[in-house]
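Protein chains: 2
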Amino acid sequence: MNPVELVLSRRLRMTPFETRVREQGVKSYTVYNHMVLPVNFSSTLEEYLHLCEHVQLWDVAAERQVEVVGPDALELVELITPRHIAPCEVGQCVYAPLADEEGLVINDPIIIRLAHDRFWISIADSDVLLWVKGIAWGRGLNVRVFEPDVSPLAVQGPKADDVMADLLGESVRDIKFFRFIETTIANTDVVLARSGWSGQGGFEIYLQKSADGVALWDAVWEAGQKHHIRPGAPNLIERLETGLKSYGSDMTQEDSVLECAFERYLHLDKPVPYMAKDAIEKQLEQGVKRRLSNVMIESSPLPPLRGLWDVCCDGQLVGQVSSCAYSPKYEANLAFAMLSQEVSNAGSQLTLMVDGQEYPATVKDDRWKS
Amino acid sequence: MNPVELVLSRRLRMTPFETRVREQGVKSYTVYNHMVLPVNFSSTLEEYLHLCEHVQLWDVAAERQVEVVGPDALELVELITPRHIAPCEVGQCVYAPLADEEGLVINDPIIIRLAHDRFWISIADSDVLLWVKGIAWGRGLNVRVFEPDVSPLAVQGPKADDVMADLLGESVRDIKFFRFIETTIANTDVVLARSGWSGQGGFEIYLQKSADGVALWDAVWEAGQKHHIRPGAPNLIERLETGLKSYGSDMTQEDSVLECAFERYLHLDKPVPYMAKDAIEKQLEQGVKRRLSNVMIESSPLPPLRGLWDVCCDGQLVGQVSSCAYSPKYEANLAFAMLSQEVSNAGSQLTLMVDGQEYPATVKDDRWKS
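From first to last, the protein sequence lines stand for chains A and B.
All residue numbers for the first sequence refer to this note's numbering, where the first residue is 1 and numbers rise by one.
All residue numbers for the second sequence refer to this note's numbering, where the first residue is 1001 and numbers rise by one.
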């Protein structure tokens, strides 16, 4: 299949780092939250190898924020997720899948608590802003809900701490995982969080003024020179190895939080109301029919996956693979698949169908073990 | 600026017509409602010339539907738009900009009334589904809101009637503008509406079963052979000439329905509640500061516009151009621009800034006259 060109227009919003990204020779984009998101500068494999050894600068401005602020902000944020948010301290971030009244996943954001009554919902690719605005208006809550001028720039990789320490001093090394500080870089205010969409460590720098995007990029870029910094992007191989599922690809609005195996992030008995409560209790009673799972295929690299591949067991269709990449670390193809509950336990032996070919596949736990 | 490749993944949904679109040699895409939308097969100018003379088949599956059905469906649909929907008959479609409690535009869909208590909101590029679901839940309304498996295929151009008459009989010529019938083509149920995103006439065929997409495409394609049918897409030149504004490009969630000059489609005094009522009344009282306008630039063709171009008057910035194309019909560049109220009347003489060059520009009415 031939590659196709992306036609740019105002509707696909540019990012504050766009000038530098183009200068660095971006080769391909995806579109995410009505904004461009760089995908490749060289190749996915080259970028993977560099990310695991050095440090990269990622334009992830497309991870937009939904700000919820006001007297009823906490009540509203509690309503939209089965995770208990009250215990999240100011200065902390939590991964909090959002679920509607049917228990279906609306998004899987990080929620950042900026103040007692002020949150950023740092979203995957769906218009959470509209959903939260609708709920707030419908319930008559006293909050303001809007998209602020906030664009994350990620510094990811094992040398990310060195880069940020050179830039801001040694104390940044003390920022704990999923905690943030407020500081300035290149004279612009930023929220600096230890987080990011890889398992290689690093930070997300939340720029709060688009006009300062190039200055922020340049400051980090310069500090990164002696640490072999390169431009990069969320990497398919790395995210499969780390087990990061992608909203829209590995799970959609058709899937419930239980089917997505999100229990460990949720507090289903939390002591405050949330929209999905009744639906989730019913699903727990009836049992879940499908389960998002990790699947390993020990073969040479499979061709690129674009849509879905079928997974079978004893000749019966039991699910579909939604993401797949060949992992140098495991010397196998790693995949995420939504599978029938009965075959979703680690150890299940299944068959993956790719272009009419059959491949033996094994269900693994979410760390690719057992 | 070099073209960039669009990386396809499951998150950017494919359409039911995708196989045929690829076979026809699609060159470029945009992304719209988390789905791919073809932009070009040859060039915008070639496709414009063909569209104005013959007939084209457009994969516009990305115009997704939000179905609202149930006892409170009409109440909900009335809430979200300042247009009065009760007078819309079953079998009719209406253009109905959606506005939130601040009077800001959330989307500018066609609303299709399928039954007294059943509507399709045929949307531009924003997750109206989430907004409407949030409002419905927040207000405790007795409705079901979901995205059905419905994908429009458009037949546009002066020969569209001939194609559809060959396919379905002469009676299709009697379907009035913005009216629809329910029928079958290639053994699949469709809603056939006289509508579409061009001023060249034609139909939108709402496929209701993705699996039948290729069969539907093939049936229309075959009937179109003797009428010089070609694949196409919403065309930049044609939409400028026809005056069709695009949500996300020419207006965004930052703009009010009054700023977008939508009054002619609205019934601000409608006798039922709607969310934007108080905000709009206040804006009417205070006066609107900006106005979406048509601007003509009589020069040779301008370079492609990607973001925004500034518009000045007496050296002061008075607005920005969001869409522009050179029109063979008017032998001038046509543009849409959000302009300060005081310079937005037809006849105003302004200056457009493009890459440091100045061009005289004239505000026109919405039919490019006076």
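Quick reminder that beta carbons are idealized off the backbone N, C-alpha and C, glycines included.
Listing by chain order, which chain B residues have their CB less than 7 Å from the CB of residue i?
i, result
"residue 308 of chain A", "1010"
Measure the Cβ-Cβ separation of residue i and residue j and say whether it is below 8 Å.
i, j, result
"residue 1224 of chain B", "residue 1163 of chain B", "yes"
"residue 80 of chain A", "residue 1137 of chain B", "no"
"residue 21 of chain A", "residue 227 of chain A", "no"
"residue 363 of chain A", "residue 345 of chain A", "yes"
"residue 1103 of chain B", "residue 1253 of chain B", "no"
"residue 37 of chain A", "residue 62 of chain A", "yes"
"residue 41 of chain A", "residue 60 of chain A", "no"
"residue 230 of chain A", "residue 1249 of chain B", "no"
"residue 1030 of chain B", "residue 7 of chain A", "yes"
"residue 1047 of chain B", "residue 1120 of chain B", "no"
"residue 1290 of chain B", "residue 1259 of chain B", "yes"
"residue 292 of chain A", "residue 245 of chain A", "yes"
"residue 1311 of chain B", "residue 1261 of chain B", "no"
Between residue i and chain A, is any beta-carbon pair separated by less than 8 Å?
i, result
"residue 1228 of chain B", "no"
"residue 1139 of chain B", "yes"
"residue 1014 of chain B", "yes"
"residue 1352 of chain B", "no"
"residue 1272 of chain B", "no"
"residue 1127 of chain B", "yes"
"residue 1006 of chain B", "yes"
"residue 1003 of chain B", "yes"
"residue 1026 of chain B", "yes"
Between residue i and the rest of its own chain, which residues show a CB-CB distance below 6 Å, the 5 nearest in sequence each way excluded?
i, result
"residue 1359 of chain B", "1297, 1299, 1352"
"residue 1196 of chain B", "1154, 1156, 1202, 1204"
"residue 234 of chain A", "197"
"residue 69 of chain A", "118, 144"
"residue 1172 of chain B", "1164, 1165"
"residue 1096 of chain B", "1081, 1083, 1111"
"residue 98 of chain A", "80, 81, 106, 107"
"residue 313 of chain A", "343, 350"
"residue 71 of chain A", "142"
"residue 1043 of chain B", "none"
Does the CB of residue i have a neighbour CB from chain B at under 8 Å?
i, result
"residue 29 of chain A", "yes"
"residue 131 of chain A", "yes"
"residue 314 of chain A", "no"
"residue 100 of chain A", "yes"
"residue 39 of chain A", "yes"
"residue 85 of chain A", "no"
Which bits of chain A does residue i rub up against, with CB to CB less than 8 Å?
i, result
"residue 1275 of chain B", "137"
"residue 1322 of chain B", "10"
"residue 1069 of chain B", "Here the premise fails: no neighbours, minimum Cβ distance about 16 Å."
Within the same chain, show all residues whose beta-carbon is closer than 7 Å to that of residue i, passing over the 5 residues directly before and after it, in chain order.
i, result
"residue 1183 of chain B", "1168, 1190, 1192"
"residue 1151 of chain B", "1015, 1016, 1061, 1207, 1210, 1213"
"residue 1032 of chain B", "1062, 1125"
Starting from the C-beta of residue i, find all residues in its chain whose C-beta is less than 8 Å away, skip the five residues before and the five after it, and write them out in chain order.
i, result
"residue 332 of chain A", "296, 297, 298, 299, 326"
"residue 149 of chain A", "208, 209, 210"
"residue 1078 of chain B", "1084, 1085, 1086, 1270, 1272, 1273, 1274"
"residue 158 of chain A", "52, 53, 54, 55, 200, 201"
"residue 368 of chain A", "241, 243, 294, 296, 330, 334"
"residue 218 of chain A", "20, 186"
"residue 90 of chain A", "113, 114, 115, 116"
Using the DSSP secondary-structure output, state which residues sit across from residue i in a beta bridge.
i, result
"residue 1206 of chain B", "B:1152, B:1191"
"residue 1185 of chain B", "B:1188"
"residue 1083 of chain B", "Residue 1083 of chain B is not bridged to any residue."
"residue 1056 of chain B", "B:1156, B:1230"
"residue 1310 of chain B", "B:1320"
"residue 12 of chain A", "Note: residue 12 of chain A sits in no beta bridge, so no partner."
"residue 109 of chain A", "According to DSSP, which records beta bridges pairwise, residue 109 of chain A is partnered with nothing at all."
"residue 1120 of chain B", "B:1067, B:1112"
"residue 38 of chain A", "A:29"
"residue 1093 of chain B", "B:1112"
"residue 1336 of chain B", "B:1294, B:1323"
"residue 132 of chain A", "Beta-bridge pairing links residue 132 of chain A to no other residue."
Cβ-heavy atom distance between residue i and the ligand NAD below 7 Å?
i, result
"residue 154 of chain A", "The model depicted lacks the ligand NAD and carries no ligand whatsoever."
I want to verify the contact list: residues of chain B whose CB lies under 9 Å from the CB of residue i, in sequence order.
i, result
"residue 34 of chain A", "1031, 1125, 1126, 1248"
Residues of chain A with CB under 9 Å from residue i, in chain order?
i, result
"residue 1106 of chain B", "130, 133"
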